[in-house]
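Everything in the sequence shown is counted per the UniProt record's numbering, starting at 1 for the first residue and increasing by one.
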Amino acid sequence: MLRRFFKSVVTIISLIASGILLFSVLTAYISPAHTSVLAFIGYVFPTLWLINFVLFAFWLVKRRWQFLLPLLAIVITWGHWEHTFQWKGAKMDRKEMQAPLKVMSLNARMFDYYQWIGDNTNEKIFDFIREENPDVLCIQEFFTTSSNKSYTEHYILRRLNQFKYQHIEYLSGKKGKRNFGLITFSKYPIVEKYSVRFEQSNNFSIYSDIKIGEQRIRIFNNHLESIKFDREQLNFLDSLNYQNKKERNENIKAISSKLSKAFGNRALQAETVGKYIANSPYPPIVCGDFNDTPVSYVYRKMRGNLKDAFEESGQGFGGTYNGPLPSFRIDFIFHDNHFASYNFRRIKVDVSDHYPIVTTLELQPDREN
1 MLRRFFKSVV TIISLIASGI LLFSVLTAYI SPAHTSVLAF IGYVFPTLWL INFVLFAFWL
61 VKRRWQFLLP LLAIVITWGH WEHTFQWKGA KMDRKEMQAP LKVMSLNARM FDYYQWIGDN
121 TNEKIFDFIR EENPDVLCIQ EFFTTSSNKS YTEHYILRRL NQFKYQHIEY LSGKKGKRNF
181 GLITFSKYPI VEKYSVRFEQ SNNFSIYSDI KIGEQRIRIF NNHLESIKFD REQLNFLDSL
241 NYQNKKERNE NIKAISSKLS KAFGNRALQA ETVGKYIANS PYPPIVCGDF NDTPVSYVYR
301 KMRGNLKDAF EESGQGFGGT YNGPLPSFRI DFIFHDNHFA SYNFRRIKVD VSDHYPIVTT
361 LELQPDREN
């Protein structure tokens with residue numbers, strides 16, 4: 001009797017878990033600007049997928065037909081899983097490549113101006129970048145101020161003088177004592193510079209045409225809509241422990257509202273930038289902080305027909321968020337299909353609330369990939 005009851009309960013759990021996982025496929029196709037409910041699934045997709053895998057293994061061992069329920073969900077969502085997790089990526093020594101281009105992306109969080117992490121974090125960032133020595137570097141949350149000599153534009157460019165060329169865009173132009181924006185560094189000539197502004201947003205994108213020999217490549221540097229949690233909300237998410245029900249409900253409501261708004265804004269921003277990427281006359285490389293997961297409408301719109309460097313040569317889950325919440329992969333490097341990606345890494349250095357990501361692209365591979 002007890003065994004039959006347990007079997008019935010697990011069957012119901014399997015139906016629900018597989019149903020929700022199948023439902024998650026819609027996350028990438030329905031814009032959160034219309035409804036944000038589906039967008040939340042992207043954050044729990046890895047857990048849902050693993051639950052279904054455990055249920056599949058359970059029923060398979062039992063030799064019961066119920067194994068078909070999670071199996072169907074796993075097969076249909078396999079593409080999403082590949083966006084989320086990789087066993088082992090492609091590796092190659094740079095010396096063996098014909099035309100290597102090392103690309104790095106980092107949300108620098110104002111170079112830790114307010115010392116969230118500790119003293120001299122900006123110097124650690126500069127030293128780290130010099131050690132990694134990328135050919136192209138995309139930085140989000142670039143910050144300069146005239147009130148501290150270690151954070152002036154002149155000082156930062158001098159500390160990163162291994163890059164001969166830069167494309168800097170500030171949110172409101174360089175007007176005041178404190179300036180926020182994006183910067184793309186390059187060891188190769190930047191021949192054209194553009195920006196894409198979003199309505200009623202402090203986030204934006206830039207793209208730069210760089211010339212490598214006779215080849216021109218378009219580099220997109222993006223920072224899409226942030227959620228803007230305050231400290232109290234972050235503490236709540238970290239502990240999920242509040243003294244009274246009213247306080248808990250108020251925080252849940254405020255957090256849900258901020259998430260929904262950010263989901264919708266990012267969707268519209270991704271649609272805008274996605275068109276620029278799709279219409280690029282030159283092979284694109286797309287970098288940045290999307291503030292969204294690989295199982296999302298934003299990811300699909302930004303990636304389009306490009307390759308994800310993490311999928312090509314990454315390993316594990318590759319979470320890039322460095323904070324009190326679970327480490328989701330919200331920073332990306334996409335590239336044109338004519339390029340090959342090797343040695344993708346998420347580098348766990350504690351210099352920001354994001355981990356830097358880096359990959360080496362072979363621009364003109366003559367081998368099959």
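We treat Cβ as the ideally placed atom computed from N, Cα and C, and that holds for glycine.
Every value quoted in this text rests on a predicted model; they were computed, and no experiment measured them.
Taking a cut-off of 8 Å on C-beta distances, the stretch 221–228 touches the stretch 196–211, as three or more cross pairs fall below it. Annotation for residue 194: 207 place their beta carbon closer than 6 Å to its own, counting only its chain and skipping 5 residues before and after. At the C-beta level, residue 32 and residue 264 come within 8 Å of one another. In the displayed model, residue 209 falls within a strand according to three-state DSSP. 182 is the residue among 311, 182, 272, 26 whose C-alpha sits nearest the C-alpha of residue 108. Between residue 146 and residue 311, the alpha-carbon positions lie close to 41 Å from each other. Ranking 23, 127, 339, 277 by CA distance to the CA of residue 74 puts 23 first. Excluding sequence positions up to five before and after residue 81, its CB lies within less than 6 Å of the CB of 49, all in the same chain and listed in chain order. Here residue 78 is not near residue 67, since their CB atoms are 8 Å or more apart. Distances from the CA of residue 198 to each of 262, 256, 268, 69 were compared; the closest alpha carbon is that of 268. Counting along the chain, residue 93 sits inside no alpha helix (DSSP H), nor does DSSP assign it H or E at all. It is roughly 7 Å from the alpha-carbon of residue 313 to the alpha-carbon of residue 91.
Taken in chain order, the complete alpha helix (DSSP H) segments of 4 or more residues contained in the stretch 273–324 are 297–303, 309–313. Under the 8 Å Cβ criterion, the stretch 283–293 does not count as touching the stretch 249–261, having fewer than three qualifying pairs. The continuous beta strand (DSSP E) containing residue 343 extends over residues 340–346. If only complete runs of 3 or more residues are kept, the stretch 70–123 shows the beta strand (DSSP E) at 100–107, in order along the chain. Under the three-state reduction of DSSP, residue 153 is assigned to helix. Counting along the chain, residue 52 sits inside no beta strand (DSSP E); it lies in the alpha helix (DSSP H) bounded by residues 41–62. The residue from 201, 72, 338, 192 with its alpha-carbon nearest to that of residue 218 is 192. Per DSSP, residue 218 is one residue of the beta strand (DSSP E) stretching across 215–223. Looking at the DSSP output, residue 145 shares a beta bridge with 178. In the three-state reduction of the DSSP assignment, residue 199 falls in the coil class.
DSSP, read as helix, strand or coil, puts residue 226 in coil.
Around the beta-carbon of residue 114, fewer than 16 other beta-carbon atoms lie within 10 Å, marking it exposed. Boundaries for residue 357: no alpha helix (DSSP H) harbours it, while the beta strand (DSSP E) harbouring it runs 357–362, taken from the DSSP string. Note on geometry: alpha-carbon atoms of residue 252 and residue 350 lie some 29 Å from one another. Approximately 6 Å separates the beta-carbon atoms of residue 302 and residue 290; this is inside 8 Å, confirming the contact. DSSP places residue 334 inside the beta strand (DSSP E), whose first and last residues are 331–335.
Secondary structure at residue 162: coil, using DSSP grouped into helix, strand and coil.
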